[in-house]
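So the structure is just underneath, and the comments pick up after that.
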Amino acid sequence: MVSVYDFEVKKPNGDTLSLKEYEGKPLVIVNTASKCGLTPQFTGLQSLFETYKEDGLMILGFPCDQFNDQEFDNIDETTEFCQLNYGVTFPIMAKINVNGDDADPLFNHLTSEKKGMLSKKVKWNFTKFLVDRNGKVVERYAPQTAPEKLVEDIEKLL
Numbered sequence: 242m243v244s245v246y247d248f249e250v251k252k253p254n255g256d257t258l259s260l261k262e263y264e265g266k267p268l269v270i271v272n273t274a275s276k277c278g279l280t281p282q283f284t285g286l287q288s289l290f291e292t293y294k295e296d297g298l299m300i301l302g303f304p305c306d307q308f309n310d311q312e313f314d315n316i317d318e319t320t321e322f323c324q325l326n327y328g329v330t331f332p333i334m335a336k337i338n339v340n341g342d343d344a345d346p347l348f349n350h351l352t353s354e355k356k357g358m359l360s361k362k363v364k365w366n367f368t369k370f371l372v373d374r375n376g377k378v379v380e381r382y383a384p385q386t387a388p389e390k391l392v393e394d395i396e397k398l399l
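In terms of this note's numbering, the sequence shown has 357 at position 116, counting the first letter as 1, and numbering is strictly consecutive.
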């Protein structure tokens, strides 16, 4: 059975990162955008990370420009924006596509494991996926779901 830990992703500098590095840790994986009405969710995501990182929680942000061009062209601008404006210290990965023929394999897996209300596709920025310690996708949250609403589900996994 394929788990999230079987995938590799790109860091902002282009290096490959195996998600095996996070094996045994619960994950929140989210597609992000710097110029979206939901961008203030970075504050809540950072708060979750600070609260639960000592218990093993990892949050991984994946910038995506597929929804109304709401991400910077340059990944350095993205990471700097997240750090300066929202104090983000959890990893922000390289910019990806989450839908379509060029969708990142990780997001193809996430969306096939947990479909949305009407379709498997990611509907908008800040769609969040919760992954348990075994790499199984256990929940999918709508873009408008505030990160604070994940607390109860995260605590069950810790």
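C-beta: ideal position from N, C-alpha, C; glycine also. Note that this is a predicted model, so its numbers are computed, not measured.
Compute the Euclidean distance between the alpha carbons of residue i and residue j, then round it to the nearest angstrom.
i           : j           : result
residue 393 : residue 255 : 35 Å
residue 337 : residue 266 : 23 Å
residue 346 : residue 368 : 16 Å
residue 285 : residue 387 : 7 Å
residue 385 : residue 262 : 29 Å
residue 313 : residue 258 : 22 Å
residue 328 : residue 291 : 11 Å
residue 326 : residue 391 : 22 Å
residue 246 : residue 278 : 31 Å
For residue i and residue j, which I take to be in contact (beta-carbon distance under 8 Å), what is that distance rounded to the nearest angstrom?
i           : j           : result
residue 355 : residue 380 : 7 Å
residue 297 : residue 399 : 7 Å
residue 429 : residue 324 : Missing from the structure shown is residue 429; the chain here goes from 242 to 399 and no further.
Quickly, what does DSSP pair residue i with across the bridge? List them, please.
i           : result
residue 377 : Partner(s): none; residue 377 has no beta bridge.
residue 271 : 302, 369
residue 259 : 249
Sorted by chain position, which residues of the same chain lie with C-beta nearer than 8 Å to residue i's C-beta, five sequence neighbours on each side aside?
i           : result
residue 375 : 244
residue 253 : 316, 317, 319, 320, 333, 334, 335
residue 251 : 257, 258, 334, 335, 337
residue 361 : 352, 353
Ignore the nearest five residues each way along the sequence and tell me which others in residue i's own chain have a CB closer than 6 Å to its CB.
i           : result
residue 350 : none
residue 270 : 301, 370
Counting only the same chain and skipping the five closest in sequence on each side, list residues whose C-beta sits under 7 Å from that of residue i.
i           : result
residue 363 : 272, 339, 340, 348, 352
residue 357 : 364, 381
residue 248 : 260, 346, 347, 350
residue 309 : none
Runs of beta strand (DSSP E) wholly within the region 291-374 (minimum 3 residues, chain order) = 299-304, 369-372
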